[in-house]
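Working notes, beginning with the structure itself.
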Amino acid sequence: MKLFGIFSAYSYKVEGAVNETCRGPALWDIYCKRYPEKCKNDNGDVAVDFFHRYKEDIQLMKNLNTDAFRLSIAWTRIFPHGRKEKGVSQAGVKFYHDVIDELLRNGIVPFVTVFHWDTPQDLEDEYGGFLSERIVKDFREYADFVFQEYGDKVKHWITFNEPWVFAHAGYDVGKKAPGRCSDYVDPTCKGGRSGYEVYLVSHNLLNAHAEAFEAFTQCEKCKGGKVGIAHSPAWFEPHDFQDSQDGASIGRALDFMLGWHLDTTMYGDYPQIMKDIVGHRLPQFTAAQKAKLKNSAHFVGLNYYTSTFANHVENPDHSKPRWKQDSLISWEPKNADKFTIGSTPSTGKLPVYARGFRSLLKYIKDKYANPEIMIMENAGSLPRALQSFGVSPLPAMRCICFKPWRRSPSPSVKSTVVDELDNSNKDREGSSCPRFREFTLEELNVATDGFSADNIVSEHNEKVPNIVYEGTLDDGKKIAVKRFQKLSWPDASEFVEEAQEVGKCRSEDMVSLIGCCSEGQERLLVADYMPNGTLAKHLFHWEKRPMKWKMRLKVALHTAKALEYCNDMGLDLYHDLNTYRILFDKVGNPRLSCFGLMKCIREGKSYSTNLVFAPPEYLRLGTLVPESSIFSFGTLLLDLMSGKHIPPNHALDLFRGKNYLVLMDSALDGQFSDEDRAELIHLASRCFRREPDERPSIKFLMSALSRLEKRAELWPKLKEENIHDPSYTKPATNQPLRLTPLGEACSRVDLSGIHELLEKLGYGEDDVSVTNEFSFQMWTGDLQENNDYKKHGDAAFRAKDFETGIEFYTEFMSGAPVVSPTVLIRRCLCYLMSDMFSEALSDAMQAQVVSPECSTALYLQAACLLKLGMEAKAKEALQQGSALEADIGYALSLFRYKQCRLWSSAQGAKAQGEVVTDGKKSKAGKKRTKAPWAKLLSQYYQNAQCSPPPPPVGNIEDPVTTTSEPNDAQSQKAYTIEDYLKITEEQIKASSPGKSQTEDQIQTQEPAVQSQPEVTSRETMAASPPRQD
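This is how it looks when you write it as structure tokens:
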């Protein structure tokens, strides 16, 4: 049975007419009048006037083609004083007959809730309502009356709606009627005892349900009907998937929220975990009560709205008990990596997380033996959303009610994969491993809900996107489906053949490819689903709890094992080995994605990577060798060490300069010894050797990483015993913060000021570098058209039309082979102006990846972090930007001083008929166009006093000549100007106007991977494209 219907909330919120039909006062009537501030000065005296306008509302339902309506009966409209002996309101009884009859006449099935939090106030005053076990008898009398009265017309009943909310909100935190709690929870509560009354109320409620269920089974008019409870659990995800306690806390949280009432009506008693934790505060059922409660529901009613993260709480304060504290978890809106659980609508307050709904349904199915489930409520939270249009909001929610149903396997499932492949799967993993097979398009369409956008877990930012969907097969197995376009694989047979080869891989260190589909225009790969996301998700995003050293070593070792397995199988990687290709399974083990083993046929490419991260042999010859994967593995080690993307050519500078502070993530301080740090850095540097045969073997890397992992287990104990390297001294970080005007604007989050400064800065050398980089590409009409998007984006940026700027910059970036940091920075500010702070932070971080020396990127990160409420991280970004600006400013001043000296000596060349332009000579009369930077430098030289700049405070390393780590004596010595002037003439001429080198020699020069002088390196890095996912 499938019904699509309307839920009308409880009677107090919709009916109104509180003084008609002899209706008596209920709990909420008194509560809202006694505590108007807690009810936002609202009450239910009129509400939406359903009492007088129910026929209009039912007609609206019919026009919407709904076929079910869930309403609540007001206890005091039937029994004004709570008991039958004190009088029955026949007018009230007739009202509900009229409503039900009107529903049936319009073909709408009624679902009736017996109790929705409206305890008769007379019973509340007499004995405390649900605080007393006397409520059990009175509720049975009331429930039996409505069953007998309407049982021949209504076949779907709910005894209690959301019992945990009624007990917790009303008797533990005082947020709903009757507003009871302890003073340490809320001083405004007028009476109550948190941590005690919540369990007592729920205990009496469950016994009342059991009595009502028994009355229902004895009702002759009710034959063929069903009765249950409408539960309202949230779904939980672990706050930190690396923390096993957070994973275990999910089951505990669900037992306290859902099992509290569902276990009891299924099995006759509370979950054992509640008994163990709550102890004597949890009332006990008698043997007779357990017998009545067991199997006391025909279905599980379910109201689902949202999900949250469960964070284990180690030592709660037992002197101040509360229900949530008893569950030993805290509910967190963001996980350890600062991800929210889902999207929050602009008009609502609860995150929408559809995956949590599916997970909750599967949890109930698996734990409670596949019971019948009726979804009573499922919607978004829209508080007062309609009032802005001058319309009183109808608190109605659409819901779907259904029985569990199972899809039978499709008869058209293909099984044409060769026997050899099936046998290889059996040999490696045994009968439990899914066999590779060809899926039908119909199967995968059903599994992914028609390739719904809600199921997208990854999407490459390309004009022809490759999208990964989450899916669920008929047997409940989770899968990941990667969807290519046909032009990526024009030949269907070639696609299947390649997928079959990759499908032979079965390793515990890799994600298994279990199938494919090549029907019509579709090219689909099917793999095991990894629920804990990518390494990039847990490594690069700003978080309170960064990935630990031991976990990073574990990732490196497992990835090395996966590479060794690929080598043994004779399979090559066809994508760079980046952090988006390392996934975590349900228990947090890292696995290498199998999708990277598939060739990319589109446009004749066989290897997909960002050129900044490509091996040198690929840049020189366009070919790969077995050792290319070692270079790629080195980039992964670099990511793991630093916690950010550092391009290999920039890393080589850091290796030679022994700049360990930049190479290592500051969040890892204290988690490793200096020897382990040095060894891992040495491993990474060896992976970046220019000649492939000089790189280490994968077996050597595995052995070294295995030793590091073992030592990581011992390091905490060694650290406690003070066994460490006494020579290492952590540098001081409390130097005064000196900010430029842009840094000051970012520290104040003065967005208008930032815009004005960025507009004045323009693109500068950044733009020239991008143009030069484009010269290596084939300039086509598409590239020219794509470059126009940037021009339109710049125009919108100047005009402060930030939404348009985002649109054009995004179009430009989707098709540009190279993206300058200034484009990223400008789009970042557009996002900030549009209150899209997470997107802005992503762009600012990517700008730093493209150009590690870009202090503007760090300042923009600080502004984004301040908007996100992360002051500590923002301060750190400001400090890094200030320090970077100081170092680069001194290096540039020194460079200009050297250039100034050489420029003076070059003036004699003009007298000999030569023209000096951008560092090259040409004959007189054939003057070449000067590059912008050459024009600026010429103007600077003409006005410059050739004097050296003052050195910055403290010691800095020579950005050009430093090649070894200074000894202790040297490190104590302050650098002098003379030290900086000890630069070979050849190195100076490499980037100076006096360098005599012909244009032909420059054009034929082989690209170098080795370190270049700092200034030219900056120009190159500014043009580096962002790393793709």
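The numbering used here numbers the first residue of the sequence shown as 20 and each following residue consecutively. The beta-carbon is built from N, C-alpha and C at its ideal position, and this holds for glycine as well. As the structure is a computational prediction, the values presented were derived from the model and not from experiment.
The C-beta of serine 268 has 16 or more other C-beta atoms within 10 Å across all chains shown, which makes the residue buried.
Taking 8 Å as the cut-off, the Cβ atoms of lysine 573 and glutamate 728 count as close.
For asparagine 330, the enclosing beta strand (DSSP E) covers residues 326-331.
The C-alpha of lysine 174 lies about 37 Å from the C-alpha of isoleucine 360. The three-state reading of DSSP puts phenylalanine 26 in strand, counting E and B together. DSSP links threonine 132 through a beta bridge to Ser91 and Ile177. When C-beta atoms of the region 45-53 are compared with those of the region 108-128, fewer than three pairs fall below 8 Å, so the two segments do not count as touching.
In the assembly as shown, leucine 22 is a buried residue. Its beta-carbon has 16 or more other beta-carbons within 10 Å. Just so you know, the alpha carbons of threonine 759 and serine 870 end up roughly 19 Å apart. Annotation: lysine 663 to valine 67 spans about 55 Å, alpha carbon to alpha carbon. Rounded to the nearest whole angstrom, the C-alpha separation of leucine 225 and asparagine 314 is 12 Å. In the three-state DSSP reduction, tyrosine 54 falls in the coil class, being neither helix nor strand. A Cβ-Cβ separation of about 7 Å places threonine 598 in contact with leucine 655 under the 8 Å criterion. For valine 33, same chain residues with a beta-carbon under 6 Å away, outside a window of 5 residues either side, are Ser27, Ala66, Val67 and Phe69 in chain order.
Taking leucine 492 as the centre and dropping the five residues before and after it, the same chain places the C-beta of Ala466 and Ile498 closer than 7 Å to its C-beta, in chain order. For the pair glycine 193 and aspartate 205, the Cα-to-Cα distance works out to about 7 Å. For the options Ser839, Thr841, Pro840 and Asp862, the alpha carbon positioned closest to that of tyrosine 850 is the one of Asp862.
Closest option to arginine 502, judged by alpha-carbon separation, among Val521, Cys524, Ser537 and Ser526: Ser537. Look at asparagine 397 here: in three-state DSSP terms it is strand. Across the set Asn180, Glu152, Thr85 and Asn60, the C-alpha of Asn180 shows the shortest separation from the C-alpha of isoleucine 92.
Contact between the region 290-303 and the region 384-394 is not established, with fewer than three Cβ pairs separated by less than 8 Å. Proximity to glutamine 237 across Phe328, Thr305, Arg159 and Leu301 peaks at Arg159, based on C-alpha coordinates. Taking C-beta atoms as the reference points, leucine 879 and histidine 774 fail to come closer than 8 Å. Contact between the region 120-129 and the region 160-168 is absent: fewer than three C-beta pairs spanning the two stretches fall below 8 Å.
The DSSP-derived three-state label of lysine 386 is helix. A straight-line Cα-Cα distance of about 25 Å links lysine 894 and histidine 669. Under DSSP, alanine 499 forms a beta bridge with Glu489 and Ala546.
With contacts defined as CB atoms closer than 8 Å, aspartate 658 and leucine 720 fail to qualify as a contacting pair. Bounds of the alpha helix (DSSP H) holding asparagine 586 are 568-588. In the displayed model, serine 874 falls within a helix according to three-state DSSP. Cα atoms of alanine 307 and glutamate 230: separation of roughly 11 Å, rounded to the nearest angstrom.
Counting every other CB atom within 10 Å of its CB across the protein chains shown gives asparagine 223 a total of 16 or more, marking it as buried.
Comparing alpha-carbon positions, the option among His331, Thr138, His135 and Val131 lying closest to tryptophan 176 turns out to be Val131. For proline 182, the enclosing alpha helix (DSSP H) has its first and last residue at 182-190. With 16 or more other Cβ atoms inside 10 Å of its own Cβ, serine 661 counts as buried.
By the neighbour-count criterion, in which 16 or more other beta carbons inside 10 Å mark a residue as buried, valine 155 falls on the buried side.
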